[in-house]
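Report on one structure; see the data block that follows.
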Amino acid sequence: MWETIQENMVAIICSGVASFAVGTLVWVVKRMRGLFVAVRADSRDKVRRFGKFYILTNQITMEELEDLGEIYKGYHSLGGNGTITEVYERCLDLPIVKERTKWNPYYVGKDGCMK
Numbered sequence: 001m002w003e004t005i006q007e008n009m010v011a012i013i014c015s016g017v018a019s020f021a022v023g024t025l026v027w028v029v030k031r032m033r034g035l036f037v038a039v040r041a042d043s044r045d046k047v048r049r050f051g052k053f054y055i056l057t058n059q060i061t062m063e064e065l066e067d068l069g070e071i072y073k074g075y076h077s078l079g080g081n082g083t084i085t086e087v088y089e090r091c092l093d094l095p096i097v098k099e100r101t102k103w104n105p106y107y108v109g110k111d112g113c114m115k
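In full-length UniProt numbering, the protein residues as written are 1 to 115.
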């Protein structure tokens, strides 16, 4: 009799632990999906905004190009589609300068300082 009770208690405890583990895993997966979507959207926005800035000023530094490439690669590794590819490819064709000489007045003043 005592063995039957012990076996049932073990089965009940194992079922509870398994149920808790599955519930926690589902919660984590939902959070991770949300995080992936948010990071992908942020990366898309950054490539679009920075790319537009570089295209408008018609110049890009090597550091800016490397940073933009990292963001672009991250965007695609998270399942981003090709909507940003055109912007990135246009940035690849821009003249590379050692130091930025043109500033977009929308982002900064004529003196190069943020507004």
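All residues carry an ideal CB built from backbone N, CA and C; glycine is no exception.
(request) Indicate the three-state DSSP secondary structure (helix, strand or coil) for T57 in the structure shown. (result) helix
(request) Spatial neighbours of M62 within its chain, please: CB distance less than 7 Å, with the 5 preceding and 5 following residues excluded, ordered by chain position. (result) I96
(request) Go ahead and label V39 buried or exposed: buried means 16 or more other beta carbons lie within 10 angstroms of its beta carbon, across all protein chains shown. (result) exposed
(request) With a threshold of 16 other CB atoms inside 10 Å of the CB of F20, please say whether the residue is buried or exposed. (result) It counts as exposed.
(message) Counting C-beta neighbours from all protein chains within 10 Å, is the total for S43 16 or more, i.e. buried, or is it exposed?
(response) buried
(message) By the DSSP assignment, the alpha helix (DSSP H) with I71 in it spans what residues?
(response) M62 to S77
(request) Note down the Cα distance separating Q6 from S15, rounded to an integer number of angstroms. (result) 14 Å
(message) Taking the alpha-carbon of S77 as reference, which of T4, K52, L25 and V37 has the nearest alpha-carbon?
(response) V37
(message) By the DSSP assignment, the alpha helix (DSSP H) with E86 in it spans what residues?
(response) T85 to L92
(message) For V47, tell me which candidate among L25, N81 and V29 has the shortest Cα-Cα distance.
(response) N81
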